[in-house]
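Numbered by the working numbering, the letters in the sequence shown go through residues -19 to 266 in order.
For every residue, glycine included, the Cβ atom is placed at its ideal position computed from N, Cα and C.
None of these values were measured; they are calculated from a predicted model.
Notes for the one structure printed next.
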Amino acid sequence: MKISEQLKNKSRTTSFEVFPPKNDAAYAPVEAAVDTLSGFQPDFISVTYGAGGGTSVNTPKIAAHIQNDLHIPALAHLTCASSSKQEIERIVLDLKAKGIENILALRGDLPENYAPDRNHYQYASELVTALREIGGFSVGAACYPEGHVEAASPEADLEHLKEKVDCGAEFLVTQMFFDNTALYSFLYRALKKGIDVPVLAGIMPVINKRQIARSCALSGTTLPSRFKVMIDKFSDNPEALKQAGIAYATEQIIDLIANGVNGIHIYTMNRPEVAGAIMHNLSSIL
-19 MKISEQLKNK SRTTSFEVFP PKNDAAYAPV EAAVDTLSGF QPDFISVTYG AGGGTSVNTP
41 KIAAHIQNDL HIPALAHLTC ASSSKQEIER IVLDLKAKGI ENILALRGDL PENYAPDRNH
101 YQYASELVTA LREIGGFSVG AACYPEGHVE AASPEADLEH LKEKVDCGAE FLVTQMFFDN
161 TALYSFLYRA LKKGIDVPVL AGIMPVINKR QIARSCALSG TTLPSRFKVM IDKFSDNPEA
221 LKQAGIAYAT EQIIDLIANG VNGIHIYTMN RPEVAGAIMH NLSSIL
């Protein structure tokens, strides 16, 4: 099923994100994690695409397992900055042959010594356009509640987001955030800009201190004071931090749903026990 159809027909959706292995030797544990996640009955599962196309083979492979063996809609990520247009076309045709109907169109991190040319898509909006021209896919895109780290200003970031929607992005998935007020402000500004497609809130359960330091360095996500206190208090106790991170993510989701956010997308980090604990905490709410 296409995710755009789900979002039209369901009052609320819950979904997960996993990342594929970089080599075949590590494939089985990822497949096992996906199998466990399927038991929590998500509306769809997304599969990331490694930096530099490092998982370009395993992304379609995991997505096909989700879609065809587990019978759960799969959302395949696809980044264009490090892949030629010909490579992108090959991957898209492979996804279509495997029955994948949903793609999250991303620019991706720029490779070193990046020099744009006609053989590469420079922007995610160009990839969205190409996918719509190929046809047969429900196309989503990323958005950044606190602004993309490379954007000149929040307004410029919204301008670029509007371009992606105008090119055919049917839904948006947010970068992680830890302060819900940042999302509420973003949703208000986006709607005022004319961006009226569904927005799925990306929630990252933090279970170790190193994870949050790296993620925030890449994304520019700010940390609320109570989140920092939690990290500082429990960083030397892995099990306590894991429990606290699950509780924090649970509270975020409760607040989001109470305020009318109807799409929750959980970044599982291939840890089904973490996603399962959140789903258990929210069993009557979700």
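Span of the alpha helix (DSSP H), counted from its first residue to its last, around residue i
| i | result |
| --- | --- |
| residue 254 | 252 to 261 |
| residue 131 | Where residue 131 is concerned, there is no enclosing alpha helix (DSSP H), given that its DSSP letter is neither H nor E. |
| residue 10 | 7 to 18 |
| residue 265 | Element bounds for residue 265: n/a, residue is neither H nor E. |
| residue 211 | 205 to 214 |
| residue -17 | -17 to -11 |
Nearest-angstrom beta carbon gap, residue j and residue i [assumed within contact, 8 Å]
| i | j | result |
| --- | --- | --- |
| residue 180 | residue -5 | 7 Å |
| residue 177 | residue 152 | 6 Å |
| residue 154 | residue 182 | 4 Å |
| residue 10 | residue 42 | 6 Å |
| residue 149 | residue 121 | 4 Å |
| residue 14 | residue -2 | 6 Å |
| residue 201 | residue 156 | 6 Å |
| residue 185 | residue 258 | 6 Å |
| residue 72 | residue 114 | 6 Å |
| residue 170 | residue 138 | 6 Å |
Residue i, enclosing beta strand (DSSP E) - first and last residue
| i | result |
| --- | --- |
| residue 154 | 151 to 154 |
| residue 219 | No beta strand (DSSP E) contains residue 219, which is instead part of the alpha helix (DSSP H) from 218 to 238. |
| residue -6 | -7 to -2 |
| residue 59 | 54 to 59 |
| residue 114 | Not the beta strand (DSSP E): residue 114 falls in the alpha helix (DSSP H), residues 104 to 114. |
| residue 25 | 24 to 27 |
Own chain residues within Cβ distance below 6 Å of residue i, not counting five before or after
| i | result |
| --- | --- |
| residue 61 | 87, 88 and 90 |
| residue 207 | 158 |
| residue 192 | 186 |
| residue 323 | Within the shown structure, residues of the chain are numbered from -19 to 266, placing residue 323 beyond reach of any answer. |
Which of helix, strand or coil DSSP assigns to residue i
| i | result |
| --- | --- |
| residue 81 | coil |
| residue 64 | coil |
| residue 157 | coil |
| residue 187 | coil |
| residue 119 | strand |
| residue 37 | coil |
| residue 192 | helix |
| residue 247 | strand |
| residue 241 | coil |
| residue 175 | coil |
| residue 75 | helix |
| residue 90 | coil |
| residue 180 | strand |
| residue 164 | helix |
| residue 45 | helix |
| residue 140 | helix |
| residue 98 | coil |
Alpha-carbon to alpha-carbon, residue j and residue i
| i | j | result |
| --- | --- | --- |
| residue 145 | residue -17 | 15 Å |
| residue 81 | residue 104 | 18 Å |
| residue 27 | residue 253 | 18 Å |
| residue 45 | residue -19 | 15 Å |
| residue 18 | residue 47 | 11 Å |
| residue 57 | residue 167 | 23 Å |
| residue -8 | residue 244 | 8 Å |
| residue -11 | residue 242 | 12 Å |
| residue 85 | residue 23 | 19 Å |
| residue 124 | residue 217 | 31 Å |
| residue 174 | residue 59 | 25 Å |
| residue 273 | residue -14 | Outside the shown range of the chain, which is -19 to 266, sits residue 273, and nothing can be said about it. |
| residue 6 | residue 172 | 45 Å |
| residue 101 | residue 219 | 43 Å |
| residue 97 | residue 240 | 43 Å |
| residue 109 | residue 260 | 39 Å |
| residue 21 | residue 50 | 10 Å |
| residue 119 | residue 205 | 36 Å |
Own chain, CB closer than 8 Å to residue i, minus 5 neighbours either side, in chain order
| i | result |
| --- | --- |
| residue 99 | 64, 65 and 66 |
| residue 189 | 211, 215 and 221 |
| residue 30 | -1, 0, 2, 36 and 39 |
| residue 78 | 40, 43, 44, 47 and 48 |
| residue 262 | 230, 233 and 234 |
| residue 226 | 185, 187, 254, 257, 258 and 261 |
Cβ neighbours of residue i in the same chain (closer than 7 Å, five flanking residues each side left out)
| i | result |
| --- | --- |
| residue 74 | 40 |
| residue 248 | -4, -3, -2, 17, 254 and 255 |
| residue 76 | 116 |
| residue 237 | 265 |
Contact test: residue i Cβ vs the ligand NAP heavy atom, cutoff 6 Å
| i | result |
| --- | --- |
| residue 172 | Only the bare structure without any ligand can be found here, which leaves the ligand NAP out of the picture. |
Residue i at chain C interface by Cβ criterion, 7 Å
| i | result |
| --- | --- |
| residue 178 | Given the protein chain composition of this structure (a single chain), no chain C is represented. |
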